[in-house]
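The numbering of the sequence shown is the numbering used here, which starts it at 236 and goes up by one.
Working notes for the structure below.
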Amino acid sequence: MIADNLSEVQKRIAKAALVAGRRPEDITLIAVSKTHPAEAVRMAIAAGQKIFGENRVQEAEAKFSDIRNAFPDIALHLIGPLQTNKVKEAVALFDVIHTLDRPKLAAALAKEMARQNRTPRLFVEVNIGAEDQKAGILPEHTADFIRLCCEEHGLRIEGLMCIPPHQDDPRPYFEKLRQLAEDNSLSKLSMGMSSDFESAIECGATHVRVGTAIFGTREKV
Ligand SMILES: *Cc1c(COP(=O)(O)O)cnc(C)c1O
Numbered sequence: 236m237i238a239d240n241l242s243e244v245q246k247r248i249a250k251a252a253l254v255a256g257r258r259p260e261d262i263t264l265i266a267v268s269k270t271h272p273a274e275a276v277r278m279a280i281a282a283g284q285k286i287f288g289e290n291r292v293q294e295a296e297a298k299f300s301d302i303r304n305a306f307p308d309i310a311l312h313l314i315g316p317l318q319t320n321k322v323k324e325a326v327a328l329f330d331v332i333h334t335l336d337r338p339k340l341a342a343a344l345a346k347e348m349a350r351q352n353r354t355p356r357l358f359v360e361v362n363i364g365a366e367d368q369k370a371g372i373l374p375e376h377t378a379d380f381i382r383l384c385c386e387e388h389g390l391r392i393e394g395l396m397c398i399p400p401h402q403d404d405p406r407p408y409f410e411k412l413r414q415l416a417e418d419n420s421l422s423k424l425s426m427g428m429s430s431d432f433e434s435a436i437e438c439g440a441t442h443v444r445v446g447t448a449i450f451g452t453r454e455k456v
């Protein structure tokens with residue numbers, strides 16, 4: 236079933252790309268395996284998927300340590316909040332971190348990346364709907380924060396990531412993130428989940444993070 240779901244999602248990505256006049260291969264599908272067991276990940280790998288997203292450092296470590304030994308070309312993306320006390324493990328484990336969202340974390344990442352001589356690629360998470368409870372840099376502070384990351388900490392920021400407000404039409408938020416990226420000369424956009432990845436692709440997403448449509452529904456955590 237996972238193999239079928241994956242191929243269905245890939246077809247939908249390709250179609251959305253073509254509708255938007257984009258090349259399907261310019262869109263990276265991150266299979267979000269959070270809460271699902273290692274066996275589910277192995278089934279996705281057997282179906283050809285190589286890029287996975289997790290939102291907790293410890294869960295990812297436990298799930299992927301054997302898998303990564305067996306499949307060295309698997310890439311792992313952190314898409315959930317990162318506490319500074321987990322930065323060491325995160326830098327060691329992840330190839331891409333989508334949730335750089337505050338100065339203290341930028342400092343901790345820079346220090347740990349130098350110490351481990353590892354450079355996970357970095358996305359800045361933007362609180363695109365300026366929601367009280369949500370992580371991310373406010374849109375109006377994004378330019379300053381990117382500058383701080385680069386100039387103060389020598390970090391190279393690759394793109395922006397967002398999770399739009401739950402109940403709203405996501406498109407205006409995707410458009411806004413795209414504009415912010417353009418204003419800051421960033422080429423990568425991590426946006427779009429199971430319910431809205433086609434809209435995200437039409438608005439310029441380069442990375443879509445899809446869980447439910449591949450692995451099925453999750454237990455509430
Ligand atoms: C869980 C999660 C996803 C995947 O969500 P689905 O709706 O299951 O596709 C994408 N992005 C983030 C940040 C997530 O936490």
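Heads up, the beta-carbon is just placed ideally off N, CA and C, and yes, glycines get one too.
Taking residue i and residue j to be in contact with their CB atoms under 8 angstroms, please state how far apart those CB atoms are, rounded to whole angstroms.
i: ALA252; j: ILE449; result: Contact flag wrong, Cβ pair sits at about 18 angstroms.
i: PHE329; j: PRO355; result: 5 angstroms
i: ALA327; j: HIS388; result: Not quite, the Cβ-Cβ distance comes to about 19 angstroms (not below 8 angstroms), so this is no contact.
i: ARG391; j: LEU357; result: 7 angstroms
i: THR263; j: HIS442; result: 5 angstroms
i: VAL322; j: GLU347; result: 5 angstroms
i: PRO400; j: GLU366; result: 6 angstroms
i: ILE372; j: ALA255; result: Not a contact, Cβ separation roughly 27 angstroms.
i: GLU260; j: GLU296; result: That belief does not hold up - the Cβ atoms of GLU260 and GLU296 are roughly 30 angstroms apart, past 8 angstroms.
i: ALA370; j: GLU360; result: 6 angstroms
i: ARG444; j: GLY288; result: 5 angstroms
i: PHE299; j: LEU311; result: 6 angstroms
Whose C-alpha, out of the options, is nearest the C-alpha of residue i?
i: SER430; options: ASN290, PHE306, ILE237, VAL244; result: VAL244
i: LEU313; options: ALA281, ASN320, ARG291; result: ARG291
i: ASN419; options: SER242, PRO338, GLU294, HIS376; result: HIS376
i: ALA238; options: HIS271, GLY283, GLU417; result: GLY283
i: GLY439; options: PHE409, HIS271, ARG453; result: PHE409
i: SER242; options: ARG258, ASP403, MET278; result: MET278
i: SER268; options: MET428, SER434, LEU335; result: MET428
i: LEU335; options: ALA349, LEU311, ASN362, GLN351; result: ASN362
i: GLY394; options: SER425, LYS250, ARG444; result: SER425
i: ILE398; options: GLU437, GLU417, PHE432, ALA273; result: PHE432
i: GLY451; options: GLU366, ARG350, ILE280, PRO272; result: PRO272
i: ASN240; options: GLN318, ARG257, ILE280; result: ILE280
i: ARG303; options: LYS285, LEU344, ALA416; result: LYS285
i: ASP404; options: CYS384, ALA378, GLY364, LEU383; result: GLY364
Give the range of the alpha helix (DSSP H) segment to which residue i is assigned.
i: MET348; result: 338-351
i: ILE280; result: 273-281
i: PHE329; result: Taken as a continuous stretch (DSSP letters only), PHE329 belongs to no alpha helix (DSSP H), as it is neither H nor E.
i: LYS423; result: Where LYS423 is concerned, there is no enclosing alpha helix (DSSP H), although the beta strand (DSSP E) it sits in stretches over 423-425.
i: THR452; result: Taken as a continuous stretch (DSSP letters only), THR452 belongs to no alpha helix (DSSP H), as it is neither H nor E.
i: ARG247; result: 237-254
List the endpoints of the continuous beta strand (DSSP E) containing residue i.
i: ILE265; result: 263-267
i: PHE299; result: That residue, PHE299, is in no beta strand (DSSP E); its alpha helix (DSSP H) goes 292-305.
i: ILE286; result: 286-289
Segments of 4+ residues assigned as alpha helix (DSSP H) that fall wholly inside the stretch 341-413: Segments of the alpha helix (DSSP H) lying fully in the stretch 341-413: 377-382.
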